[in-house]
Every structure is written in structure tokens, then in C-alpha cells.
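Colleague:
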Amino acid sequence: MSIFAHFHTENHSLNLDNACAFAGHLLTVEMLPQPTRDGRFMVRPLMRKLAFVLGLFLAAAAFPGTLLAQLVRENATQSPTKRESQNSAAAQTPQGKKRLSQEAQLTGEQSWIDTGIDIQAGEHLLIIATGKLRYVDAKEDNGPEGLPRSFKDLLRVLPFNEAGRGTLIGRIGDKDTAQPFLVGARRDVAAPVSGRLAVGINQAADDTGDGTYAVRIEVYTPEGSTARVVARQVSSLPGIDNNLFSKIPRRVGDKQGNAGDMVNFLVLGSEAAMRRVFTTAGWVKVDADVKETVLHGIIGSLSKEAYLTMPMSQLYLFSRAQDYGWARAEPLSVVRSRNHLRIWKAPFEVKGETLWVGAATHDIGFERDERNNGVTHKIDPDIDLERDYVEKTLASTGLVAEISHFLPDNPMKEAKTATGGTFHSNGQVLILKLDQSAPNP
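According to the working numbering, the sequence shown is numbered sequentially starting from 1.
So, in C-alpha cells, the structure goes:
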């Protein structure tokens with residue numbers, strides 16, 4: 001994988017409801033109200049701004065398909081309609097019997113606290129928060145709904161980038177794999193998975209506020225008192241057998257035909273369901289377009305390396321390059337380390353369901369590319385750890401119905417990548433069957 005151009009991210013970050021992410025407000029300029037002595041308006045400031053805007057448009061034309069300010073993950077601000085809808089839903093008492101209630105305090109210097117509450121999938125959480133925080137550079141105090149995100153603030157990397165700094169957020173499950181969710185001043189949410197509940201403040205570890213939030217948590221049993229079953233471990237799945245694996249190459253390869261990463265997971269589900277589960281789990285779609293990367297690398301320098309993904313080199317399966325590349329990492333460590341995978345739509349189905357074939361690895365540093373003496377990413381040789389990471393992150397969404405593992409005939413146990421790195425495995429392939437009827441998390 002080339003490291004020629006650095007930080008690229010998916011079109012998920014700026015709120016594009018405001019006409020044009022960059023140029024929209026650059027075009028909102030004012031003429032000087034008074035003319036000069038010779039009766040002409042002073043147009044130089046305006047012309048300079050228009051020239052800058054024109055330069056941006058020319059750059060966009062040179063790199064088709066590129067948006068000029070694609071920041072980390074999803075839209076950084078919520079639309080008023082979405083926020084009002086959440087508040088309206090949250091104002092109602094959840095259905096079901098109240099199982100427990102608990103109060104907690106969260107001080108400004110704390111990022112997360114463990115509530116000690118174990119949640120079951122399908123239970124409703126009603127979380128209500130009050131209090132104030134104050135950040136050193138803020139003009140005023142903020143409550144649990146957080147501070148509005150200015151353009152400058154969009155460059156700040158937060159645990160939950162869709163909300164402002166200081167917003168109360170929650171998390172169910174493992175801290176390393178579970179995605180946080182918005183709480184604000186009040187939130188009623190159905191738990192997509194089972195796990196330990198934590199609440200936190202949407203802030204960076206080195207940018208804490210002063211003050212305290214008082215948080216009340218109420219847990220209600222699911223309607224009908226039946227917990228939702230998700231990510232059920234099963235010993236086998238229909239159609240997953242050696243006959244299927246006889247049609248799937250054990251490894252992907254580069255354009256020259258050199259064998260590369262091992263095929264170590266399969267996903268059963270529609271394209272929409274596949275995209276949904278990865279996005280919900282915090283994975284970001286990665287392009288392999290180097291032209292786009294040049295511009296993103298320039299913009300990336302403005303955010304002090306706060307971008308999540310770099311371009312992913314093309315590898316081949318079923319005689320074509322990957323249909324999707326996905327990456328997941330802490331933005332500031334993305335140059336050296338990230339979890340990433342490539343996935344292909346199989347040219348055949350399994351019991352009428354779309355099959356996606358994937359290869360996942362974990363970049364842990366750099367090494368020499370034996371093909372050309374260049375520099376490439378070094379992968380963690382224990383690739384089963386990355387297979388397990390894919391399982392944990394996707395299962396944490398509540399969008400996976402069943403999980404299984406299959407050991408094919410002549411399993412891949414040890415080999416070298418296309419760039420010369422080594423890896424080893426127990427040979428098992430992860431199988432994830434998606435729940436396409438699952439509600440939105």
C-alpha cells in the first residue's frame with residue numbers, strides 16, 4: 001500500500017445542507033457601502049475572494065468527485081428536523097416496566113464513567129441530564145446538549161463527531177469496539193445490543209471542561225418482556241460448506257498476480273445492509289483514487305492529521321479490484337496503524353442471499369516492499385486478531401443476526417503477502433449473517 005499521499009476520508013463529514021461546504025459562505029460577501037472619490041466601488045477585496053473561490057472550483061474540476069472538506073466519519077452537525085424528532089420522541093415515557101433507575105455525576109475532567117448497569121438488547125434507556133460545563137476557550141457555558149460546532153471546531157477530533165464538544169454521550173459494550181451514541185439533555189433509546197452502559201462527555205482527553213453533569217438513568221424492559229436476540233453464535237449456516245469454498249479463492253492478489261491477503265470473513269446480506277453495518281460500526285469507506293488523495297492530503301494538513309483514512313491499494317479477487325474498502329482507526333494514529341479490509345461481491349449467491357467475500361488486516365507500521373524496494377505498511381502477522389476485530393465491531397451494532405466460523409478444506413495457515421510480509425492463522429473463516437429487518441440503532 002502506497003503512503004505517497006496521506007489523509008483521505010469519506011464524504012460523510014460536513015453538513016452539506018448549507019449549499020456548499022467550503023464555497024457557500026465564501027460567496028457571501030459584502031460590497032463596501034460607500035463609493036470611492038472617483039465613484040467606483042472598491043472591488044479588490046471582493047475580487048481576491050472570488051479568485052480564491054475560483055481556485056477551489058478549478059481544483060475540484062481537476063480532481064472529479066472530490067468534496068473539498070471531507071472530515072472524519074459522519075455529518076458533524078445534526079439537522080434541526082432530526083434533533084427536534086429525537087427530542088419529541090424522548091419526551092415520552094418508554095413503554096414497558098421500569099427495571100431500575102440510577103443517578104450519577106459526571107465531572108468535566110472525566111471522559112467516561114462506568115455506570116455499573118448491564119443492559120439487555122431491546123431494553124429502553126431513558127437518560128436525563130442537567131448541569132453546566134465551561135471550556136477555557138468557550139464564550140459561554142454549555143449544558144449536556146453541548147456547544148454548536150463552528151467551522152474551526154470541525155477540525156477537532158471528538159469521540160462522537162456528529163455532536164458538539166461537551167455533549168453528553170453514551171456507549172453500550174466494549175470501549176474498544178462499541179460506537180458511542182448521542183444523549184444530550186434527554187434521550188430515550190432502545191439498546192441494539194447487550195452490554196455494560198457507560199456515559200461520557202464528548203471531548204478530547206487533553207481538552208476537558210470545568211463543571212458537572214447530573215445524570216439520571218432509567219431502564220425499561222422490552223415490550224412483551226422479551227429481549228431481542230442479536231449476534232447469535234451458531235455452529236453452522238445453510239449453504240456454508242466446502243462446496244461454496246471451492247468457488248472462493250483462498251487469497252486475494254495484486255495486479256501482477258502475486259498472492260496477497262487471506263480471505264478471512266464472509267458477509268451474507270444485501271449491499272445496503274452491508275454498507276449499513278460497517279457504517280454503524282464506525283468503519284469508513286476508503287477510496288483507491290490517488291488523484292483525490294493529492295487534494296485531500298493538502299486539506300488534511302489543515303486539520304493537523306485529523307483525517308481517518310488514507311487510500312487503499314487495489315487488490316484483486318474474482319478477476320476484479322475490491323468493490324469496497326473500509327477502515328477503522330484513531331485518526332491521529334492513522335499514518336502508522338489502522339484496521340482495514342477489502343470486500344468483493346461474489347458472482348454467486350448463497351441460498352438466495354448476496355455473498356460478500358472479505359480480507360481484513362491490521363496495519364501496525366512500515367516495512368520494505370520486496371517487489372520494488374519501496375515502503376509499504378506492515379501488517380500484524382496474527383491476522384486472526386483482525387478477523388476477531390471485524391466480528392466484535394460489527395456485532396456491536398445489533399445488525400448481525402448470526403455468527404459462525406468455518407474451517408475449509410486445505411485451510412490457509414501461514415504465508416507471505418504480496419509485498420513480502422508474513423502472516424499466520426488458524427485457518428478459520430468468519431461468517432456473518434446480517435439482520436436486514438433490524439431497526440436503526
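Positions of the beta carbon are idealized from the N, C-alpha and C atoms, including for glycine.
None of these values were measured; they are calculated from a predicted model.
1. Exposed or buried, serine 313, counting other C-beta atoms within 10 Å across all chains shown (16 or more means buried)?
2. For my contact list, lysine 392 and threonine 177 are in at a C-beta cut-off of 8 Å; report their separation, rounded to the angstrom.
3. Where does leucine 100 fall in DSSP's three states?
4. In this structure, what does DSSP give as the bridge partners for glutamine 92?
5. DSSP on alanine 190, reduced to helix/strand/coil?
6. Taking C-alpha atoms, which residue in Thr212, Ile113, Trp112 and Ile117 lies nearest to glutamine 102?
7. Can tyrosine 213 and leucine 168 be called in contact, C-beta distance under 9 Å?
8. Since threonine 279 is in the alpha helix (DSSP H), which residue starts that stretch and which ends it?
9. How is lysine 247 classed by DSSP in three states: helix, strand or coil?
10. Counting only the same chain and skipping the five closest in sequence on each side, list residues whose C-beta sits under 6 Å from that of methionine 47.
11. Looking at valine 263 and glutamine 105, is the spacing between their C-beta atoms short of 9 Å?
12. So what does glutamate 414 bridge to, in DSSP terms?
13. What separation, rounded to the nearest whole angstrom, lies between the Cα atoms of lysine 175 and arginine 196?
14. What residue from Phe151, Val136, Lys139 and Lys132 has the CA that sits closest to glutamate 145's CA?
15. Would you kindly report the start and end of the unbroken alpha helix (DSSP H) that includes valine 219?
16. Using 10 angstroms around the beta-carbon of histidine 296, count the other beta-carbons present and answer buried if the total reaches 16, otherwise exposed.
17. Report the three-state DSSP secondary structure of glutamine 436 (helix, strand or coil).
18. So, is the C-beta of aspartate 388 closer than 9 Å to a C-beta in chain D?
19. Would you mind reading off the limits of the beta strand (DSSP E) that contains glutamate 402?
20. Which residue's Cα is closest to the Cα of threonine 280: Val400, Gln120, Gly122 and Ser404?
21. With contact counted as at least three CB pairs below 8 Å, one residue from each stretch, are the stretch 264 to 278 and the stretch 422 to 429 in contact?
22. Under 9 Å between the Cβ atoms of alanine 121 and glycine 398?
23. Does lysine 345 come out as helix, strand or coil in the three-state DSSP assignment?
24. Within a Cβ cutoff of 8 Å, which residues of the same chain sit near histidine 403, ignoring the five residues on either side of it in sequence?
25. Report, in whole angstroms, the separation of the C-beta atoms of valine 252 and arginine 171, which I expect to be a contact under 8 Å.
26. Span of the beta strand (DSSP E) holding aspartate 118?
27. Who are the near neighbours of leucine 158 in its chain, counting only those whose CB is closer than 6 Å to its CB and skipping five residues on each side?
Modeller: Let me lay it out:
1. Mapped onto the sequence shown, residue 313 falls at position 313. When all chains shown are included, serine 313 counts as buried.
2. Sequence index remark: in the sequence shown, residue 392 carries index 392 (1-based). Sequence index remark: in the sequence shown, residue 177 carries index 177 (1-based). Yes, they are in contact, since the Cβ atoms of lysine 392 and threonine 177 sit about 4 Å apart, within 8 Å.
3. Reading the sequence shown from its first residue, position 100 is the one you call residue 100. Strand, per DSSP.
4. The sequence position of residue 92 within the sequence shown is 92, counting from 1. The partner list for glutamine 92 (beta bridge, DSSP) is empty, contrary to what the question assumes.
5. On the sequence shown, residue 190 is found 190 positions in, with the first residue counted as 1. Here alanine 190 sits in strand by DSSP.
6. Taking the first residue of the sequence shown as 1, we reach residue 102 at position 102. Looking at the Cα atoms, Ile117 is the closest of the given residues.
7. Here residue 213 is taken as the residue at index 213 of the sequence shown, counted from 1. Here residue 168 is taken as the residue at index 168 of the sequence shown, counted from 1. A contact, by the Cβ cut-off of 9 Å.
8. One-based indexing of the sequence shown puts residue 279 at position 279. From DSSP, the alpha helix (DSSP H) with threonine 279 extends over 271 to 280.
9. Walking along the sequence shown from the start, residue 247 turns up at place 247. In the structure shown, lysine 247 sits in coil (DSSP, three-state: anything other than H, G, I, E or B).
10. On the sequence shown, residue 47 is found 47 positions in, with the first residue counted as 1. Its pLDDT being 48, under 50, methionine 47 is placed unreliably by the model, and the measurement read from it follows with that caveat. Counting only Cβ-Cβ distances below 6 Å, and skipping sequence neighbours, we find nothing.
11. By 1-based counting over the sequence shown, the position of residue 105 is 105. By 1-based counting over the sequence shown, the position of residue 263 is 263. The answer is no: Cβ separation not under 9 Å.
12. Residue numbering aside, residue 414 sits at position 414 when the sequence shown is read from its first letter. The partner list for glutamate 414 (beta bridge, DSSP) reads His424.
13. By one-based count along the sequence shown, residue 175 stands at place 175. By one-based count along the sequence shown, residue 196 stands at place 196. Distance between the alpha carbons of lysine 175 and arginine 196: 10 Å.
14. In the sequence shown, the residue the question calls residue 145 occupies position 145. Closest by alpha carbon: Lys132.
15. The count along the sequence shown starts at 1 and reaches residue 219 at position 219. First-last for valine 219: 210 to 220, but that is the beta strand (DSSP E), not the alpha helix (DSSP H).
16. As a first step, residue 296 is located in the sequence shown; it is residue number 296 there, counting from the start. In this prediction, histidine 296 scores a pLDDT of 49, lower than 50, which makes its location untrustworthy; the coordinate-derived value is nonetheless stated afterwards. Buried is the label assigned to histidine 296, since at least 16 other Cβ atoms lie within 10 Å of its Cβ.
17. Within the sequence shown, residue 436 is the residue found at index 436, counting from 1. Of the three classes helix, strand and coil, the one that applies to glutamine 436 here is coil, per DSSP.
18. Considering every chain present, this structure includes no chain D. It has just one protein chain.
19. The count along the sequence shown starts at 1 and reaches residue 402 at position 402. Residues 400 to 406.
20. Your numbering for residue 280 matches position 280 in the sequence shown. Cα-wise, what sits closest to threonine 280 is Val400.
21. yes
22. Looking up residue 121 in the sequence shown gives position 121. Looking up residue 398 in the sequence shown gives position 398. Yes, Cβ-Cβ distance for alanine 121 and glycine 398 is below 9 Å.
23. Here the question's residue 345 lines up with position 345 in the sequence shown. Strand.
24. Translated into the one-based positions of the sequence shown, residue 403 becomes position 403. One detail in the question is off: residue 403 reads as isoleucine in this sequence, not histidine. Sequence-distant partners of isoleucine 403 (beyond 5 residues in either direction) whose C-beta falls short of 8 Å from its own C-beta, in its chain, are Ala231, Arg232, Gln233, Val234, Glu391, Ala395, Leu430, Ile431, Leu432 and Lys433.
25. Within the sequence shown, residue 252 is the residue found at index 252, counting from 1. Within the sequence shown, residue 171 is the residue found at index 171, counting from 1. Not confirmed; about 34 Å, so no contact.
26. Along the sequence shown, read from residue 1 onward, the residue named residue 118 stands at position 118. Here the beta strand (DSSP E) through aspartate 118 covers 112 to 119.
27. Within the sequence shown, numbered from 1, the residue matching residue 158 stands at position 158. Same-chain partners within the cutoff: Asn202.
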